[in-house]
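Student: Each number in my numbering corresponds to the 1-based position in the sequence shown with 3 added.
For glycine and all other residues, C-beta sits at the position ideal for the given N, C-alpha and C.
Shown below is the structure under consideration.
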Amino acid sequence: MKIVKTENEKYCHECGEPINRKAEICLKCGVRQEIVYGRSTERQEQEKRWIVSLVLCWFLGVFGAHRFYTGHTAIGVVQLLTLGGCGIWVLIDFIILLTGSFKDADGVPIKY
Ligand SMILES: [Zn+2]
């Protein structure tokens with residue numbers, strides 16, 4: 004049975020256990036909790052990047068648009084010249100994006 008959190012509690016973002024709202028570290032799994040405000044903006048940015056990348060990949064993928072967007076300029080140019088590897092490369096990129104395994108040029112994952 005899942006323990007229901009009370010008013011003064013929040014769920015640990017790592018293990019999902021209810022912990023004190025002000026707790027910085029989860030007593031259950033020991034993972035540090037992120038600040039709620041900072042987390043939500045960061046999360047929104049992350050989701051936005053993911054959605055934009057997906058849309059670009061789907062509609063303009065053959066022009067390497069999602070690669071330019073995520074900072075892979077060199078690969079973007081190659082995809083532009085090869086029309087996204089005749090569509091196959093773009094399709095693979097799209098699947099990788101969908102599964103959340105795509106990374107931008109700085110190695111930051113682009114996922115939901
Ligand atoms: Zn935890």
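May I ask you to report which of helix, strand or coil DSSP gives glutamate 45?
Tutor: helix
Student: What are the start and end residues of the beta strand (DSSP E) that includes tyrosine 14?
Tutor: 12-14
Student: In chain order, what residues of the same chain have a beta carbon less than 7 Å from the beta carbon of methionine 4, not counting five sequence neighbours either side?
Tutor: With a pLDDT of 48 at methionine 4, under the threshold of 50, the modelled position of this residue cannot be trusted, and the question is left open.
Student: Do leucine 83 and glycine 67 have their beta-carbon atoms positioned less than 8 Å apart in this structure?
Tutor: yes
Student: One question on the structure: do isoleucine 113 and arginine 52 come within less than 8 Å of each other, judged by their Cβ atoms?
Tutor: yes
Student: Please state whether DSSP places arginine 35 in a helix, a strand or coil.
Tutor: strand
Student: Among Val81, Phe62, Arg70 and Trp92, which has the Cα closest to the Cα of threonine 110?
Tutor: Reading off the sequence, residue 110 comes out as glycine, not threonine. Ranked by Cα distance from glycine 110, the options Val81, Phe62, Arg70 and Trp92 are led by Arg70.
Student: Identify whether lysine 51 lies in helix, strand or coil by the three-state DSSP scheme.
Tutor: helix
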